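Protein chains: 2
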Amino acid sequence: MPLYFITGNKNKVDEAKAILGEVEQLDIDLPEIQDIDANNIIEAKILESFKYKDGGFFIEDTSLCLDCLNGLPGPLIKWFLKAIGNQGLADLAEKSGNYKAEAKTVIGYAKSKREIYFFEGSIKGKIIAPQGEANFGWDPIFRPDGFDKSFAEMSREEKNNISMRRLALEKLNNFLKNPAK
Amino acid sequence: MPLYFITGNKNKVDEAKAILGEVEQLDIDLPEIQDIDANNIIEAKILESFKYKDGGFFIEDTSLCLDCLNGLPGPLIKWFLKAIGNQGLADLAEKSGNYKAEAKTVIGYAKSKREIYFFEGSIKGKIIAPQGEANFGWDPIFRPDGFDKSFAEMSREEKNNISMRRLALEKLNNFLKNPAK
Numbered sequence: 001m002p003l004y005f006i007t008g009n010k011n012k013v014d015e016a017k018a019i020l021g022e023v024e025q026l027d028i029d030l031p032e033i034q035d036i037d038a039n040n041i042i043e044a045k046i047l048e049s050f051k052y053k054d055g056g057f058f059i060e061d062t063s064l065c066l067d068c069l070n071g072l073p074g075p076l077i078k079w080f081l082k083a084i085g086n087q088g089l090a091d092l093a094e095k096s097g098n099y100k101a102e103a104k105t106v107i108g109y110a111k112s113k114r115e116i117y118f119f120e121g122s123i124k125g126k127i128i129a130p131q132g133e134a135n136f137g138w139d140p141i142f143r144p145d146g147f148d149k150s151f152a153e154m155s156r157e158e159k160n161n162i163s164m165r166r167l168a169l170e171k172l173n174n175f176l177k178n179p180a181k
Numbered sequence: 182m183p184l185y186f187i188t189g190n191k192n193k194v195d196e197a198k199a200i201l202g203e204v205e206q207l208d209i210d211l212p213e214i215q216d217i218d219a220n221n222i223i224e225a226k227i228l229e230s231f232k233y234k235d236g237g238f239f240i241e242d243t244s245l246c247l248d249c250l251n252g253l254p255g256p257l258i259k260w261f262l263k264a265i266g267n268q269g270l271a272d273l274a275e276k277s278g279n280y281k282a283e284a285k286t287v288i289g290y291a292k293s294k295r296e297i298y299f300f301e302g303s304i305k306g307k308i309i310a311p312q313g314e315a316n317f318g319w320d321p322i323f324r325p326d327g328f329d330k331s332f333a334e335m336s337r338e339e340k341n342n343i344s345m346r347r348l349a350l351e352k353l354n355n356f357l358k359n360p361a362k
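Below, the structure written as structure tokens:
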């Protein structure tokens, strides 16, 4: 049975293929519930997805959590970007004097209707004034700890090698290869 | 046919009754989609509600929009309260130096599956350091323009007389009494 990745984002599918091997994209439009817990958002999407597939698929959600906002925006990041943009987020961190942030990907994998598993990857970093043009979303304002540039100043490969999404995908991959554990 | 108000909040039902006359509470749990446009959130809830009723019901959503966050949190206010609380919201306004805010209620009324109407009530005010204990939610940090106290320093009656929710309910009431317009 092929493994399906439910997403509208072709780049994410390519990234998943590089780690998991064969992955099929399933581009269905799922309602996204309001929550600041990504697991709840993904769980609701998985339940909705069972209308299309009985299992053998995964969904991901990526959050940006600012320490100065006690974890916000989290999974609500896209609405923050829409309302205040990267500059607005950087301003919030600067005004608070606390630049700490965490980027987090949660993957929900539905093996079947009775077996749903979650895998999380996260990396810590700092919120900086927007720098760089590569990649997308909030990449210009996130500088992972141990690096001297933002995600948007890295090549796609460079970013994908160290990203929170890779960490979550590798956990899923490990699980798929060692289902007995 | 009775008019149903879909909400889990008994106080809101009482407020609606005071303006609309007979209103029945319908307490069903509806998923709330992510959006910063309240109309979209309500529309999704109305579509979901048709599983229970063919029409003759309304739903409301109340937002708090901070000028310093370009309209955020809007309908996402409950997650901001959960993450940073009233004090955190007041701090954001204070650090920005811009205290302007708007409180907004949108009502979606489904007369039937083909006829959905929206009514909006809003009042302007200022974000202040938390004051008062009455009422609920973000009432302690919202001081409506023209008043010298927060919503939480007003009695329930005092607040309900001037609230954004009353304005929206009165528009709905006017519509129900003059359907030809």
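Protein chains in written order, with the working numbering: chain B, 1 to 181; chain F, 182 to 362. Positions of the beta carbon are idealized from the N, C-alpha and C atoms, including for glycine. Bear in mind the structure is a predicted one, so any value in this text is a computation, not a measurement.
First through last residue of the beta strand (DSSP E) which encompasses residue i
| i | result |
| --- | --- |
| Gly269/F | Here Gly269/F belongs to no beta strand (DSSP E); instead the alpha helix (DSSP H) covers Ile258 to Ser277. |
| Ser49/B | First-last for Ser49/B: Ala38 to Ser49, but that is the alpha helix (DSSP H), not the beta strand (DSSP E). |
| Ile107/B | Lys100 to Ser112 |
| Lys124/B | Glu115 to Ile127 |
| Phe323/F | Phe323 to Pro325 |
Range of the contiguous alpha helix (DSSP H) that encloses residue i
| i | result |
| --- | --- |
| Arg166/B | Met164 to Lys177 |
| Asp14/B | Lys10 to Leu20 |
Nearest-angstrom Cβ-Cβ length linking residue i and residue j, presumed shorter than 8 Å
| i | j | result |
| --- | --- | --- |
| Leu26/B | Tyr4/B | 4 Å |
| Gln34/B | Ile214/F | 7 Å |
| Ile141/B | Ile127/B | 5 Å |
| Met335/F | Ser303/F | The pair is not a contact, with the Cβ atoms about 18 Å apart (cut-off 8 Å). |
| Gly125/B | Ala103/B | 6 Å |
| Ile217/F | Leu253/F | 7 Å |
| Pro75/B | Ile41/B | 5 Å |
| Leu169/B | Ile19/B | 5 Å |
| Ser70/B | Ala310/F | Here residue 70/B is Asn; the residue named in the question, Ser, does not match the sequence. The Cβ separation is near 18 Å, so there is no contact. |
| Pro55/B | Lys111/B | Here residue 55/B is Gly; the residue named in the question, Pro, does not match the sequence. Yes, Gly55/B and Lys111/B are in contact; Cβ-Cβ is about 5 Å, under 8 Å. |
| Ala271/F | Cys246/F | Incorrect: roughly 15 Å between the Cβ atoms, too far for contact. |
Residues that residue i bridges to, as DSSP identifies them
| i | result |
| --- | --- |
| Gln25/B | Phe5/B |
| Asp242/F | Val287/F |
| Pro311/F | Answer by DSSP bridge pairing: none, since Pro311/F is not bridged. |
| Leu247/F | Ala282/F |
| Gly252/F | In DSSP, Gly252/F forms no bridge with anything. |
Discussion item. By the 9 Å beta-carbon criterion, what residues does the segment 74-101 of chain B contribute toward chain F?
Written reply: Gly74, Pro75, Leu76, Lys78, Trp79, Phe80, Lys82, Ala83, Ile84, Gly85, Gly88, Asp91, Leu92, Lys95 and Ser96
Worksheet item: For the segment 21-44 of chain B, which residues have a CB atom closer than 9 Å to at least one CB atom of chain F, in sequence order?
Response: Pro31, Glu32, Ile33, Gln34, Asp35, Ile36, Ile41 and Ala44
Fill in: Cβ-based contacts, 7 Å cut-off: residues of the segment 243-255 of chain F near chain B
Leu250, Asn251, Gly252 and Leu253
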